[in-house]
Amino acid sequence: MNQHLSGAAKTLPRKSDGLTGVFFALPHLVLFATFVLAPVAYGIYISLFRWHVLAKAHPFVGLENYSAALSDDIFWIALRNTVYFVVLVVPLGNLVSLGLALALSSVRRWGTFYKIVYYLPVVISIAVVVVLWRWIYNTEIGLLNLYLGSVVGALRGIGLPLPPFEPLPWLSNPSWVMPSLAMLTVWWTAGGNMVLYLAGLGTIGDDYYEAASIDGANAWQRFWAITWPLLRPTTLFCLVFSVLGAFQVFGQSYVMFTAVQGGPVSGPARSGLTLALYMYLQGFRQYEIGYGAAIAYLLFAIVLGLTIVQFRLLSGQSEAKS
Amino acid sequence: MRNLLRRSQLGLHLPMMLAALLFLGPLLWMLSTAFKAPADIISGLGSAQWIPQPATTENFRNVMGKAEEFPIWRWTANSLFVSLAVTFLVLVVDSLAAFAYSRLRWHGRDKVFALLVATMLVPGQVLLIPTYLLIRQLGLFDTYGALIFPASASAFGVFLLRQFFLTIPMELEEAARLDGCGPLGIMRHVILPLSKPALATLGIFTFMGTWNAFEGPLLFTDSTLMRTLPVGITIFQGRYNIEYGPLMAAAALAAIPVTIAFLVFQRHIIKGISLTGLAGR
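Chains as they are written, first to last, in my numbering: chain A, 34 to 355; chain B, 2 to 282.
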């Protein structure tokens, strides 16, 4: 990141191009100012008003929406669910991605085939992914319970003292909801980070491993002595962006619960309620768009704080390396 | 890394094949269900039947036959048109801007660029409510403009292309200038031809990202005819709550075009991610 930012000054050997430069940048700047910059500022403004979409007047309330959110039990439920989701998805997802990348970097044949297969879910829309997994998670006739049932049946068949299989309520029992959403998210996103880990592994020279092999190090020792420390910048980069992405989880809950008619909008006992979904429900179902904007900015503050902490770690690491 | 597990290639292929089944399985199950008769889907109770017997296109006909309520072709056309329009707009606008930030000198340039980069850390969710209100105020709500312009405004492509343009030697540009090229000529004859890999990466990612976009199209449109495929699928699900046959047929129809695009361009895509650090989010 630092290196990207500081590369600017080198290409300025001649006089100013004056208005030409502005002219070239302008089309993007117009779009950017209208649909990125203005919304960022406008969102803060909206969050300071009691802004009901259908009301004629929007009274200024200062920070009331923020203090209301912080004393709103449902906000805390949403925050707790979101943090739980992040804690499930980020470590598990990165572990899977790293495992797949290590396997890919070691395999000699069919590497491209595996890579394509592992990456395939990444290119599919969250809406499709969730509609599909809602079917797989079906308690009575879903694929997952069918196979779990057969595995338990087979284990009982060879004499293991297991209780008979009870179909797991993946989406109807509140305590299973976040793990279920986390599992489909790992399936959906693991291929993305896998490719980044693979690129990181590619930058580690073979000579390190050869030297270690000559010294008699086994695969396990080589991983901890060479791969893990040298891969650290990639690991931290993937962690930063996994956290950023996971905190914004919306489509999983929305498609699974909110878009389904007749059921509870945020899952059984609000177990699928995330911060982004709560923002949506307040802003677009209750029409309390000022309150929704305040929730969005609280989400932003949390994510920004975490990102800064992690970037500190990231730059601290790369300085230590060079 | 290649040496880490050199000896046990078979021990490597077994878990990798198992993982491949786990990643591919749900997608194959979607296809399998889409071709099953409704009775077969329910009578699958107790055993997973992967090959539909008999295979039927009834679910697909069911999905396509309700054009009034679920105009799936219109949704597909919307998705295609919007994705192409955003991709075209992003490539043109971002390459012009990236040229301005990497090759032209103008007052305030680096400050503006720092601002662009800083906004890349703003979560997309934060922009949704204010963008929704802006779109209403601009009279763009429920139009193609609402689907295209906000999706084309990100700083990411500018950042990506600028990094690439900076690696092109200045000497080439100087030679073109001596030949009498202006900035536009230099961009057309020197920079763009040498940047095809970066442009291809940005183009493919923009296309796939727009095709799959969910929150924006959900909030910035509301008539059935203006929906895109991903949002359309959820409308479909609202009606066919647990009729998994038609649901999987619709899901497959939405997933197939982007899957084909991925298989055709997979080399570019996977190389592009490692080049840009973009993990397809």
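All C-beta atoms, glycine included, are put in the ideal place defined by N, C-alpha and C.
Query: Should the region 101 to 111 of chain A be called in touch with the region 197 to 204 of chain A, which here means at least 3 C-beta pairs below 8 Å?; Result: no
Query: How many whole angstroms separate the CB atoms of V273 of chain A and T340 of chain A, which I take to be in contact at a CB cut-off of 8 Å?; Result: 6 Å
Query: How would you label A244 of chain A, buried or exposed, when you count the other beta carbons within 10 angstroms and need 16 or more for buried?; Result: exposed
Query: Please confirm whether N242 of chain B has its beta-carbon closer than 8 Å to some beta-carbon of chain A.; Result: yes
Query: How many angstroms separate the CA atom of P55 of chain B from the CA atom of A38 of chain B?; Result: 8 Å
Query: I want to know whether the region 316 to 324 of chain A touches the region 257 to 268 of chain A - three or more CB-CB distances under 8 Å.; Result: no
Query: I need the straight-line Cα distance from L254 of chain B to S158 of chain A, nearest angstrom please.; Result: 12 Å
Query: Does DSSP put K43 of chain A in a helix, a strand or coil?; Result: The predicted position of K43 of chain A is uncertain, since its pLDDT is 45 and thus under 50; a value taken from the coordinates is nonetheless stated next. K43 of chain A: helix per DSSP, three-state reduction.
Query: Just the C-alpha distance for V191 of chain B and E174 of chain B, rounded to the nearest angstrom, thanks.; Result: 7 Å
Query: Going by DSSP in three states, E321 of chain A sits in which element: helix, strand or coil?; Result: strand
Query: Any idea if S49 of chain A is buried or exposed, counting beta-carbon neighbours within 10 angstroms, 16 or more meaning buried?; Result: exposed
Query: For V276 of chain A, count the other beta carbons within 10 Å of its own beta carbon; 16 or more makes it buried, fewer makes it exposed. Which is it?; Result: buried
Query: In terms of alpha-carbon separation, which member of B:A101, B:R268 and B:W212 lies closest to A78 of chain B?; Result: B:W212
Query: Along chain B, in chain order, which residues have C-beta atoms closer than 7 Å to that of A292 of chain A?; Result: T235, Q238 and G239
Query: Under 8 Å, CB to CB, which of the residues in the region 79 to 106 of chain A have a partner in chain B?; Result: I79
Query: Which one of B:W74, B:A86 and B:G273 has the shortest CA to CA distance from A232 of chain A?; Result: B:G273
Query: Secondary structure at F283 of chain A, three-state DSSP: helix, strand or coil?; Result: coil
Query: What did DSSP end up calling F93 of chain A once you bin it into helix, strand or coil?; Result: strand
Query: What whole-angstrom Cβ distance do V232 of chain B and A309 of chain A have, given they're in contact under 8 Å?; Result: Contact flag wrong, Cβ pair sits at about 16 Å.
Query: Okay, do the region 243 to 252 of chain B and the region 122 to 132 of chain B touch, 3+ Cβ pairs below 8 Å being the bar?; Result: no
Query: Which whole-angstrom value is the C-beta distance of L142 of chain B and F221 of chain B, which I expect to be below 8 Å?; Result: First, the residue type needs correcting, since residue 142 of chain B is Phe and not Leu in the sequence shown. Indeed they touch by this definition, with Cβ atoms about 7 Å apart.
Query: Is the Cβ-Cβ distance between N356 of chain A and M216 of chain A less than 8 Å?; Result: Nothing about residue 356 of chain A can be read from this structure; chain A reaches only from 34 to 355.
Query: Verify the CB distance criterion: does W220 of chain A have a CB-CB separation below 8 Å to chain B?; Result: yes
Query: Taking 7 Å as the limit between beta carbons, can you name the residues of its chain near R282 of chain B, skipping five residues before and five after?; Result: For R282 of chain B, the predicted model reports a pLDDT of 37, less than 50, meaning its position is unreliable; a value from the coordinates is still stated below. Closer than 7 Å at the Cβ level, and outside the excluded window around R282 of chain B, lies no residue.
Query: Put I149 of chain A into one of helix, strand or coil per three-state DSSP.; Result: helix
Query: Spell out the partners DSSP gives G85 of chain A in its beta bridges.; Result: For clarity, residue 85 of chain A is His in the given sequence; the question names Gly instead. Paired residue(s): A:E321.
Query: Just to make sure I have the definition right: I need the residues of chain A whose C-beta is within less than 7 Å of the C-beta of E216 of chain B. Which are they?; Result: F283
Query: Does M209 of chain B get closer than 8 Å to chain A when you measure Cβ to Cβ?; Result: yes
Query: Report the three-state DSSP secondary structure of A49 of chain B (helix, strand or coil).; Result: coil
Query: Would you kindly report the start and end of the unbroken alpha helix (DSSP H) that includes D106 of chain A?; Result: D106 to S139
Query: So T222 of chain A is in the alpha helix (DSSP H); what residue range does that whole segment cover?; Result: P207 to G235
Query: Can you list, in chain order, the residues of the region 73 to 98 of chain B whose Cβ is nearer than 7 Å to any Cβ on chain A?; Result: V94, D95, L97 and A98
Query: Tell me, to the nearest whole angstrom, how far the beta carbon of A154 of chain B is from that of T67 of chain A; I am working on the premise that it is less than 8 Å.; Result: 7 Å
Query: Can you look up F150 of chain B in the DSSP assignment and give me helix, strand or coil?; Result: coil
Query: If you count every other CB in all the chains shown that lies within 10 Å of the CB of D95 of chain B, and 16 or more means buried, which is it?; Result: buried
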